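Numbering-wise (the UniProt record's numbering), the sequence shown opens with residue 1 and increments by one.
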Amino acid sequence: MKKLGNCISQEKLTDNFVPTYLTSLSFLSAPKAPAELNAKVGTLKMVKLTLVGRLRDGLPMSQAPAHLNEDNLVLSSYKYKAELVLKEISRGALTNPKMTVLIDHHCFHCLVGDGICCIALCESWYPRKLAFYYLQDLRNALAKVDRRVLESFSEPYAFKRFDYVIGKIRERYLDTRTQENLFKLNSDRRNDPDIATEELANIMRSCHSSGSEARTSASAQTKSTIWSSQVLEVIALKWTPITIIVAVIAILVWTRIVLNEYDMLTAW
1 MKKLGNCISQ EKLTDNFVPT YLTSLSFLSA PKAPAELNAK VGTLKMVKLT
51 LVGRLRDGLP MSQAPAHLNE DNLVLSSYKY KAELVLKEIS RGALTNPKMT
101 VLIDHHCFHC LVGDGICCIA LCESWYPRKL AFYYLQDLRN ALAKVDRRVL
151 ESFSEPYAFK RFDYVIGKIR ERYLDTRTQE NLFKLNSDRR NDPDIATEEL
201 ANIMRSCHSS GSEARTSASA QTKSTIWSSQ VLEVIALKWT PITIIVAVIA
251 ILVWTRIVLN EYDMLTAW
């Protein structure tokens with residue numbers, strides 16, 4: 001006890017006094033802050049990819065993250081599939097203004113309106129209601145953009161300035177446990193919108209079948225165009241009377257020859 005008292009007396013006493021010979025014990029180490037843990041857990045359920053496109057022609061105008069890593073083949077594959085969903089929506093194959101497309105362990109949440117389609121790729125357990133709040137915020141931001149600007153783009157992903165806007169809005173939805181996001185999740189539970197659900201496999205199957213039908217129709221239209229062209233019409237109008245006259249003359253000549261041979265045979 002005397003030795004222990006000497007050790008304690010040598011320590012510098014402060015308001016948060018902890019003897020140096022106890023600081024190595026694990027049960028005295030400071031725990032992680034709850035906010036830090038909540039943020040870490042919340043970011044596991046994140047919006048991974050966002051795409052904003054034009055309905056008129058299915059042109060993707062903006063995306064977030066703005067620059068995908070070329071080595072990240074998985075995310076690049078999802079980007080291609082998001083573009084496919086956008087094309088199907090733009091051609092009218094998918095008509096619901098709000099829909100969720102299931103793919104693997106992820107979902108494409110789609111919000112359509114005002115000539116614009118916003119698509120967000122989330123993990124399947126990310127709250128769908130929160131995802132559509134995110135998409136609605138994107139559409140509200142787009143509503144402030146001059147319509148002529150949106151119609152002026154001719155190249156994919158040319159709306160670079162909006163990439164930054166998407167990124168700033170996306171940051172607010174990475175953590176599902178913030179007070180703002182929890183309030184959104186708990187508000188108007190009885191009035192949750194009815195959102196259609198589709199399987200990406202069915203959409204791709206429909207896309208392939210419609211593509212083959214389009215090729216068949218184009219081939220038939222090409223043949224029809226050839227035979228109904230104005231050139232053939234002019235040729236027909238010009239040469240049909242001549243052909244008829246030549247045919248009549250040939251028939252008369254052949255008839256004359258046959259009659260002459262018959263007269264010769266009967267004369268014998």
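Glycine residues also receive a C-beta, built at the ideal position from the N, C-alpha and C atoms.
These numbers come from a predicted model, not from an experiment.
Per the coordinates, the alpha-carbon of K81 lies some 15 Å from the alpha-carbon of M61. Between the beta-carbon of V52 and that of I116 there is about 7 Å, and that keeps the pair under the 8 Å contact cut. For R54, there is no enclosing alpha helix (DSSP H); the residue is found in the beta strand (DSSP E) stretching over 47-54.
In this structure, the alpha-carbon of M264 lies about 33 Å from that of I242.
Residue environment: L121 is assigned as buried (16 or more neighbouring CB atoms within 10 Å of its CB, all protein chains considered).
Minimum Cα-Cα distance from D137 among the listed residues Y157, K184, L94, Q179 corresponds to K184. When the beta-carbon positions are compared, S187 and A93 stay at least 8 Å from each other. For the options A131, S152, L75, R56, the alpha carbon positioned closest to that of K98 is the one of A131. Counting along the chain, the unbroken alpha helix (DSSP H) around L142 starts and ends at 128-143. Of the residues assessed, K129 falls on the buried side of the cut-off, its CB having 16 or more other CB atoms within 10 angstroms. Comparing C-alpha distances from P156 to each of T255, I251, K87, N72 shows the shortest one belongs to K87. Taking a contact as a CB-CB distance under 8 Å, the pair V85 and F108 counts as one, their CB atoms being some 6 Å apart. In the DSSP assignment, L182 falls within the alpha helix (DSSP H) that extends over 179-186. For I116, DSSP records a beta bridge to R54, G113. Per DSSP, E155 is not a residue of any beta strand (DSSP E), being assigned neither H nor E. Residue nearest to S152 within the set K48, V248, V253, L59 is L59 (criterion: CA-CA distance). Straight-line spacing of the CA atoms in F159 and I235 works out to 52 Å. For L150, the three-state secondary structure derived from DSSP is helix. Judged by DSSP secondary structure, A82 falls outside any beta strand (DSSP E) and instead within the alpha helix (DSSP H) spanning 73-90. For T100, the enclosing beta strand (DSSP E) has its first and last residue at 98-103. Collapsing the DSSP output to three states places P65 in coil. In this structure, DSSP gives L237 a helical state, which the three-state scheme calls helix. A247 counts as exposed, since fewer than 16 other C-beta atoms from the protein chains shown sit within 10 angstroms of its C-beta. Counting along the chain, T197 sits inside the beta strand (DSSP E) bounded by residues 196-199.
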